[in-house]
Structure formats: C-alpha cells, structure tokens
Amino acid sequence: MNNENCDEGLGDLSSAVEEPLDFVRMALNEHVMVKMRNNRHLTGILQSFDQHLNMIISDVIETLTTSEIDPDSSEEILQTTTREIPMIYLRGDSVILVSTPNRNPN
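So in the UniProt record's numbering, the last spot in the sequence shown is 106, and the numbers never skip.
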C-alpha cells in the first residue's frame with residue numbers, strides 16, 4: 001500500500017502502520033469512533049477486534065440519524081437519537097470507517 005501522500009502530520013504513526021489492521025491494533029484500549037451502515041455512529045473504548053473487524057467496544061455512545069420527508073412542505077427532517085451502552089459486540093460487515101482521536105506526534 002502506497003502511503004507517501006497520507007503520511008503528513010502523523011508523526012511516528014505512519015511508520016508503525018504497514019497493514020490496515022495495524023491502525024486498529026494501535027487503537028486497542030483507546031477511544032474510537034466507528035461509522036456504520038444505516039446512519040449509525042458509535043464512540044467508545046475498543047476492547048478487542050478480529051480480522052473481520054468484529055469488535056467489542058465498551059462505554060459506547062450510539063448516535064442514530066433518521067430522516068423523514070414532511071408531507072406538507074416536502075422538506076427533509078433529520079432526527080438524531082443518542083443512547084449509552086455499557087458494552088457492545090459489533091459485527092464487522094456493518095463497519096464503514098474506524099477513526100481515532102487526533103494523536104499528538106510529540
């Protein structure tokens with residue numbers, strides 16, 4: 001994988017990541033944000049994962065965004081629902097993106 005153009009600003013992180021799962025491995029026991037199918041976002045502490053990106057995440061905050069069309073005005077109405085979950089098993093095939101908070105390279 002060629003990562004010459006995406007190394008800027010990452011400090012030692014870019015040299016430690018040789019495979020995609022290395023990035024996730026470095027996030028163990030840290031806060032992660034997971035974007036999922038069906039407009040769901042999870043944030044929490046990554047406890048475990050496997051090669052399929054199945055994950056166990058603790059201290060989860062789930063945000064679900066739904067949209068409806070107002071029949072009178074034909075405008076889209078977005079509604080956001082949030083809930084807290086102590087621990088969750090997340091199936092990897094529903095994962096779109098995994099992100100960690102910005103790391104300080106110093």
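Glycine included, C-beta positions come from ideal geometry on N, C-alpha and C.
Values in this document were obtained by computation on a predicted structure and should not be read as measured data.
Ranked by how close their Cα comes to the Cα of Arg83, the residues Ile77, Val34 and Asp59 have Asp59 in first place. Inclusion of Thr80 and Leu64 in the CB contact set at 9 Å is warranted, their separation being smaller than that value. At least 9 Å separates the beta-carbon of His41 from that of Gly92. Residue state for Asp50 is assigned as coil, using DSSP reduced to three classes. Ile57 is classed as buried because its beta carbon has at least 16 other beta carbons within 10 Å across all chains shown. According to the DSSP assignment, Asp59 belongs to no alpha helix (DSSP H) but to the beta strand (DSSP E) extending over Met55 to Ile69. Annotated as proximal: Glu30 and Leu46, with beta-carbon spacing under 9 Å. DSSP places Arg25 outside any beta strand (DSSP E); the residue lies instead in the alpha helix (DSSP H), whose first and last residues are Pro20 to Met26. Using a Cβ distance threshold of 9 Å, Met33 and Pro101 count as a contacting pair.
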